[in-house]
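Working notes, structure below.
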Ligand code: FEO
Ligand code: CA
Ligand code: CA
Ligand code: CA
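In the working numbering, the protein residues as written are 2 to 582.
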């Protein structure tokens, strides 16, 4: 393939081929090893992992959770770090001894609920790299049953009140924890994404599914069957419990006794991640995607300014501010344009009693409805958002959208392809490089496609930085390193046939945001997703998550495991240098 870009000075390793092996492969000069896997003990007294699924719910409560996704590292000192990891969903076929998708007992349900949420785990530096310290006082599991509080405009709202909680301000647990964020005041943000998967009706749903609930994907039956054994998840009995999920939750990893807080000012939707950015004027900005076909990109701007070192003050910042939805208008050239941020504020832009909004709390709880009314641009499944530290440009992975071009979702400038199987990475520059600005200009970093099947003239070929050798679908995980390299991971189809010929297993790329060049850095084992990216403070170790290996029943990752295990991979350069350099 002919290169359409300038050669990057940022990238020095050789791109690797796609892979269909049941193993992690990584660029020459690097190594990848397992740091921790689903079921490993977090505490000195944790039960040993049993590879036949026979660990109990109580065991799982003190073991590393399942399906590790977004994660962050926090520094204790030069030799000690705290790793905070999301556990998105149960791999039911491997979690339960019976191997079924649905829970069959109260014990199964508790185990399933203990497999999701968050792990906080201390890492210690050793000669062989970072190691888990099971004796740490910081280690903690948060699950679907850990008490949390609700703050912000929706706290105490009637639609958050349940039989268990008359105050509408205390809730049990977090789950569907997809990606994440990290604040400058040392807290972790976990994002609740596909929370609807956990709710269902014990009796016929009939007409009980309201329009508002349908907007969040409620189905008659849940994905895991919790509602059969835990009435909290039975929408026939507890419809309001559903409103208590779909939030960004703030966690203090340095205080294992702290109560996590659901920050309702950031809106309720299928939160992917929370890209936290300090604006030039000192306000905190949080960029967020809502991962569903035809949903929106949002940003939150705090009312008050960040004050370095004033924790008490900073920990209120995410409760008071303005939530905006993005509009992407087309420009003169294809795949470029301008945009604006529309405020989701009670009383403005149709967010009034006439349309069912009686307070800011209503907007926080029914954010998707509000974004539609004000006229946000429906996108091709916004996944991660990340800010380039060198330029301030904001990037978002739009993973795919096979319904684009249908009557309800006509193509638009930023989502230009019908039946978009491959996805694109959009980026924008805020007016005046001010993250609180209300307008921006945008273009595409790349449009994924398959040059193995289509000529450059076909939109399915993808942009000029996509070649036969560098073909992939469904960009998802996204982060920038300190030097400004863009790293992205895929969560797509891994059949390696048909539309996906030559794309192999899910994988990770590194790119130069200025030249547009990308290189393949890492590939995952069979039927997994690669997700989660973070670096140690010295940039010499990178952590990446292998999530749900063998979801198609075809993997023994990581170590000839009878049941495959989601795992955190520790990546280092063999010469001890900076990752990516
Ligand atoms: Fe959990 Fe949108 O990925
Ligand atoms: Ca994702
Ligand atoms: Ca995805
Ligand atoms: Ca996932």
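Backbone N, C-alpha and C define an ideal beta-carbon position, used for all residues, glycine too.
Can you list, in chain order, the stretches of the beta strand (DSSP E) that have 3 or more residues and sit fully within the stretch 315–346?
322–331, 337–344
Got a sec, what are the start and stop residues for the alpha helix (DSSP H) residue 214 sits in?
212–215
For ligand 2, is there a heavy atom less than 7 Å away from the beta-carbon of residue 532?
yes
From the DSSP secondary-structure annotation, give me the bridge partner or partners of residue 118.
88
Flag this pair as touching only if the stretch 20–33 and the stretch 532–541 have three or more C-beta atom pairs under 8 Å; answer yes or no.
no
Indicate the three-state DSSP secondary structure (helix, strand or coil) for residue 443 in the structure shown.
strand
Please indicate yes or no: does the CB of residue 89 lie closer than 7 Å to some heavy atom of ligand 4?
yes
Other residues of its chain near residue 15: CB distance less than 7 Å, five sequence neighbours each side excluded
28, 29
Unbroken alpha helix (DSSP H) runs of length 4 or more, entirely within the stretch 53–116: which are they?
58–62, 93–96, 107–115
What span of residues does the alpha helix (DSSP H) with residue 1 cover, start to end?
In the structure displayed, the chain extends from 2 to 582; residue 1 sits before or after that span and is not available.
Taking the Cβ atom as the reference point for each residue, do residue 80 and residue 125 lie within a distance shorter than 8 Å?
yes
Contact belief for residue 474 with residue 449 at Cβ below 8 Å, rounded distance in angstroms
6 Å
Between residue 492 and ligand 3, is there a pair consisting of the residue's CB and a ligand heavy atom that are separated by less than 7 Å?
yes
Can you say whether residue 10 is buried or exposed, counting buried as having 16 or more other CB atoms within 10 angstroms of its CB?
exposed
Just the Cα atoms here: how many angstroms apart are residue 133 and residue 122?
7 Å
State the DSSP-derived secondary structure class of residue 241, mapped to helix, strand or coil.
helix
Would you mind listing the beta strand (DSSP E) stretches within the stretch 21–56 that are 3+ residues and don't spill past its ends, in chain order?
31–38
Endpoints, the beta strand (DSSP E) within which residue 150 is located:
148–152
Helix, strand or coil: how does DSSP classify residue 303 here?
strand
With respect to 7 Å, is the separation between the Cβ of residue 529 and the closest non-hydrogen atom of ligand 1 below this value?
no
Quick one: what's residue 489 bridged to in DSSP?
479, 510
Assuming residue 278 and residue 97 form a contact by the criterion Cβ under 8 Å, report the distance between their Cβ atoms to the nearest whole angstrom.
With 8 Å as the limit, residue 278 and residue 97 do not qualify as a contact, their Cβ atoms being about 41 Å apart.
If contacts are defined as beta-carbon pairs under 8 Å, then residue 504 and residue 560 qualify, I think. What distance do you get, rounded to the angstrom?
With a Cβ gap of about 26 Å, residue 504 and residue 560 do not count as contacting.
Please indicate yes or no: does the CB of residue 378 lie closer than 7 Å to some heavy atom of ligand 3?
no
So residue 467 and residue 447 are in contact, right, with Cβ under 8 Å, and what is the actual spacing, rounded?
6 Å
For residue 179, verify whether its CB is less than 7 Å away from any heavy atom of ligand 1.
yes
Between the beta-carbon of residue 412 and the beta-carbon of residue 378, is there less than 8 Å?
no
Keeping to the same chain, check which residues put their C-beta closer than 7 Å to that of residue 163; ignore five residues upstream and five downstream.
239, 241, 242
What's the gap between the Cα of residue 40 and the Cα of residue 270?
30 Å
Chain-order list of residues whose beta-carbon lies under 7 Å from that of residue 565 (same chain, five-residue window excluded)
95, 550, 551, 556, 557, 558
Would you report the Cα separation of residue 510 and residue 298, rounded to the nearest angstrom?
23 Å
Just the C-alpha distance for residue 109 and residue 58, rounded to the nearest angstrom, thanks.
7 Å
Helix, strand or coil for residue 191, going by three-state DSSP, please let me know.
strand
Is there contact here, the stretch 473–490 with the stretch 399–414, by at least three beta-carbon pairs under 8 Å?
yes
Is the stretch 304–312 touching the stretch 417–425, taking contact as three or more C-beta pairs under 8 Å?
no
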